[in-house]
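Peer 1: Mapped onto the numbering used here, the consecutive letters of the sequence shown carry residue numbers 26 to 349.
C-beta: ideal position from N, C-alpha, C; glycine also.
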Amino acid sequence: MSDKMTSGLSAQSAKPCVLFLWEQGNALEWKFFMEDLVGDIDFRVFPDVGDRAEVDYIMTWMPPLGEIEKYPNAKAIFSIGAGVSHILRDPHVPRDIPIVRLTDDALSLDMSLYALHWTLHFHRGFDHYLRQKQSKVWKRHPYPANEDRKVGVLGLGEIGGKLAEMLRDVHFDVGGWSRSKKDIEGVSCFVGEEGLAQLLRRSEILISVLPPTPETANLLNDARLRLMPKGAFLINMGRGEAVVDDDLVKLLDEGHLAGAVLDVFREEPLPSLSPYWSHPSVVVTPHAAAPTNVKYGAKRIAENIIKMETGRPPHPVYNASLGY
């Protein structure tokens, strides 16, 4: 076993059975890191499952509907990604065993860098230069100092908090909104409905990292997006359900919003008939803000398996009352 996890399972421990349930994933790569970290495991790859009653742990992304309920002795379901909506879209997924989210520093960093990239894209006017290239126009555009650009972050959890700090550290005027009061040095923090309105009114560039909850569904509708300054930009890298698509397209067409970068959508892959594909003011990326890093993802899942095999609870577990 790798010395990276000296707290791993002992040779005397019963060999846990781990199912890799991701039809598009590289099972061999995950198997390599999982065995290096946990030790001797019974690693099975869907659809070659064998006896489903022997499976202790399921690690999955976008599992086939109706599949997870077929494992009567599963102790936990591990998401191969930060969110769990891909699991919960199946109404028959058992709710009496923990569904464990994937969090790691690499994912938070990648998400933050994605947001920083597009923030700079809009702040520096690189969208203008892309359009000018088509007409062979050579023209510079002025832009304000970083401290004069107001950037808003919706969601100040583990990812949003680190993102807000990164933007602050490169001297943007950063505000953030969350469901509970947060205190981040150098960041103006808002809470509640009025706080949301205050944040939107000041956000020339708005970044959403909101989780999918009943409270965040359709949060960014016409009325709220219209609170943003004319010519503002939206970056959505949280969940697609937070944005009312028709309202966003309308505000882009009107010119109230100048552009949007969208990485997440209500339906993925994004349907070919979606107006986002052809809209001149929209950039579409295919849920690519922070693809799971196999090395770090395997480490987090392995740590939680070791915890559970030694009688400790996994972390972080999806909380149905919070919605994440």
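1) Give the straight-line distance between the Cα atoms of PRO239 and ALA267, rounded to the nearest whole angstrom.
2) My assumption, with CB atoms under 8 Å, is that VAL43 sits in contact with MET84. Please give the rounded CB distance.
3) May I have a chain-ordered list of the beta strand (DSSP E) segments no shorter than 3 residues that lie completely inside the segment 77 to 105?
4) Compare the beta carbon distance of ASN329 and PRO339 with 7 Å and say whether it is the shorter of the two.
5) Is ILE232 near VAL199, with beta carbons less than 7 Å apart?
6) Is the shortest distance between the beta-carbon of ASP270 and the beta-carbons of chain C less than 7 Å?
7) May I have a chain-ordered list of the beta strand (DSSP E) segments no shorter than 3 residues that lie completely inside the segment 165 to 230?
8) Measure the alpha-carbon distance for LYS275 versus TRP143 and round it to whole angstroms.
9) For the segment 250 to 269 against the segment 281 to 289, do three or more pairs of beta-carbon atoms, one drawn from each stretch, fall closer than 8 Å, so that the two count as touching?
10) GLY201 and LEU181 - do their beta-carbons sit closer together than 7 Å?
11) Closest to SER303 by C-alpha separation, out of TYR321, ILE260 and LEU277, would be which residue?
12) Counting along the chain, where does the beta strand (DSSP E) carrying ASN261 start and finish?
13) Is the beta carbon of MET191 sitting closer than 7 Å to the one on SER137?
Peer 2: Put simply:
1) 10 Å
2) 6 Å
3) 82 to 85 and 101 to 104
4) yes
5) no
6) Looking for chain C here will not work: only one protein chain is present.
7) 175 to 179, 198 to 203 and 213 to 216
8) 22 Å
9) yes
10) yes
11) LEU277
12) 257 to 261
13) yes
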